[in-house]
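Participant: The structure is given below, and queries will be raised subsequently.
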Amino acid sequence: MRGERRRAKRGAARLEASLQQLPEVIDTKKRRGSKDAETRVSTTDPDARVMKIGDGGFRPAFNAQFSTTTDRARVSVGVDVTSGGCDIADASNFVIEPAD
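If you want our numbering, it's the 1-based position in the sequence shown plus 5.
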């Protein structure tokens, strides 16, 4: 019984988070001139946005950016996860100016 209540509370919290994301999704669709009549958000992960995936399909996803050193070690020096589908716009977050 406790487990069911806990799952129900988590589900309600995810649904509330999804509803909070809805105005942003509607605004984005209006700016892009989308003709899709139905606006939806993910109830399992409200921050995810529909993106084109490598297999050619479209699904809710995130865009992960990694920054590494250029030496042989390839140490990760930065990580960023966004809900934007464009890598170019996010790349400026990782540009490091060379030291003088």
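From the three backbone atoms N, C-alpha and C, an ideal C-beta is built for every residue, glycine too.
Is the number of C-beta pairs between the segment 71–85 and the segment 45–59 that are closer than 8 angstroms three or more?
Facilitator: In the pairwise beta carbon analysis, the segment 71–85 is classified as not touching the segment 45–59: fewer than three pairs are separated by under 8 angstroms.
Participant: Is DSSP giving D32 helix, strand or coil here?
Facilitator: In the structure shown, D32 sits in a helix (DSSP, three-state: H, G or I).
Participant: Tell me the DSSP secondary structure of A78 in three-state form.
Facilitator: coil
Participant: Assign V84 to one of two classes, buried (16 or more other C-beta atoms within 10 Å of its C-beta) or exposed (fewer than that).
Facilitator: It is exposed - the Cβ of V84 has fewer than 16 other Cβ atoms within 10 Å.
Participant: Give the range of the beta strand (DSSP E) segment to which S72 is assigned.
Facilitator: 68–73
Participant: Could you tell me which residues DSSP pairs with T87 in its beta bridges?
Facilitator: Its beta-bridge partners are N68.
Participant: Where does D105 sit, in a helix, a strand or coil, going by DSSP?
Facilitator: Note that D105 scores a pLDDT of 47, beneath 50, so its modelled location is shaky and nothing firm can be said.
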